[in-house]
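Okay, so the sequence shown: first residue is -4 according to my numbering, each after it adds one.
Glycine included, each C-beta is placed from N, C-alpha and C at the ideal position.
A short write-up of the structure that comes next.
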Amino acid sequence: MTIALIALAAFAIGSIPWGYIIGRVFFRTDIRQSGSGNIGAMNALRTVGKAGAAAVLILDALKGFVPPFVILHYHVAPPGTAAVAAAGAVLGHCFSPWLGWKGGKGVATNFGAIFALAWPAGIAAIAGWAIGAASTRYSSVGSMLGSIVAALALWLFTRDPWFTAYGIFAAAFILYTHRENIARLRAGRENAIKL
């Protein structure tokens, strides 16, 4: 029962569509109608600019960070349930009931959760993203690489089976949410990063 409640609460937090809210409130635009149609930071960058994208990135990462952080640092449940909370937040972001069970791709929320579970693994995830994005100029490549690196880093830094299981789940799920990006990469039609 406790695990179910934690998962539900984390899902509710993750479901807050910050990209949509910031676009509507501060820029009078629905970012789902522009660019990739995604509510994440990269589409916010294309649609509303750097300031809006930075706000979306931080808030989406906090959605993943807060639920497992509270569990681990305030001992409201066994440590392993922090992994359940992390998964709930990512799923909430990607399947938001406020947007008709649609959402983003879960990268920033996942990275936020990784930082809460083990900050060195979070640094490794960011490094993986930076290497992938810088070497190819595709954020999607960085997102997938960073998520895979994060899964390995969680095992290396924690040796915790719950945290490692979350990392593997998140990496596989991020690959799934990027299936259209993978198809565009193979076809040579993926959008490059433009700052």
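query, result
"Whole beta strand (DSSP E) runs in the stretch 30 to 72 with 3 or more residues, listed along the chain?", "none"
"Between residue 150 and residue 120, what straight-line distance do the alpha-carbon atoms span, to the nearest angstrom?", "13 Å"
"Would you decide whether residue 124 is buried or exposed? Buried here means 16 or more other CB atoms lie within 10 Å of its CB.", "buried"
"Distance, Cα to Cα, residue 23 vs residue 51?", "15 Å"
"Residue 99 and residue 58 look like a contact to me (Cβ under 8 Å); what is the Cβ gap, rounded to whole Å?", "Not confirmed; about 10 Å, so no contact."
"Identify which residue in 41, 47, 163, 129 has its Cα closest to the Cα of residue 109.", "163"
"If we ignore side chains and look at the alpha-carbon of each, how far apart do residue 20 and residue 174 end up?", "30 Å"
"Taking only three categories from DSSP, how would you classify residue 91?", "strand"
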